[in-house]
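For reference, the structure is listed below as structure tokens.
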Amino acid sequence: MNRRQRKKKSKQQITVFIGCDKAAKAEDYRKMKESIEYQLRAGSAVLLPAYLHVEAVIQQPGSRRIVIKQEREVKQNELQAMEKEV
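According to my numbering, the sequence shown holds residues 13 to 98 in order.
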């Protein structure tokens, strides 16, 4: 990857606005933010705890697609899969 490609890739920003249903300390919010940023850097899927929700996603043209799932949705899907097996 040459320099021009790296510059172009770094400009393809994704902005995610997240809301929280519970009151927490500033340190807890910082940890949540770092966790979400790490998940975005590591791959294209983000798993949010049940008390967080997505308010908006702003993607630049040409940016990669991301998948955002709630923790409770994943658990419901797992339960449905288990029920089908039984």
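C-beta: ideal position from N, C-alpha, C; glycine also.
Consult DSSP for residue i and reduce its assignment to one of helix, strand or coil.
i, result
"Gln88", "helix"
"Ala35", "coil"
With residue i as the anchor, note down where its beta strand (DSSP E) starts and where it stops.
i, result
"Ile80", "79–82"
"Gln71", "64–71"
"Gly31", "26–32"
Which value, in whole angstroms, describes the spacing of the CA atoms of residue i and residue j?
i, j, result
"Asp40", "Glu49", "14 angstroms"
"Ala68", "Asp33", "16 angstroms"
"Gln88", "Val58", "17 angstroms"
Could you pull the start and end residues of the alpha helix (DSSP H) that residue i belongs to?
i, result
"Ala57", "Taken as a continuous stretch (DSSP letters only), Ala57 belongs to no alpha helix (DSSP H), being part of the beta strand (DSSP E) at 57–60."
"Ser47", "38–54"
Within a Cβ cutoff of 7 angstroms, which residues of the same chain sit near residue i, ignoring the five residues on either side of it in sequence?
i, result
"Tyr63", "Cys32, Asp33, Lys34"
"Arg84", "Ala62"
Ordered along the chain, which non-local residues of its own chain (more than five positions away) have a Cβ less than 8 angstroms from that of residue i?
i, result
"Ser56", "Arg76, Arg77, Ile78, Val79"
"Lys81", "Ala57, Val58, Leu59, Leu60"
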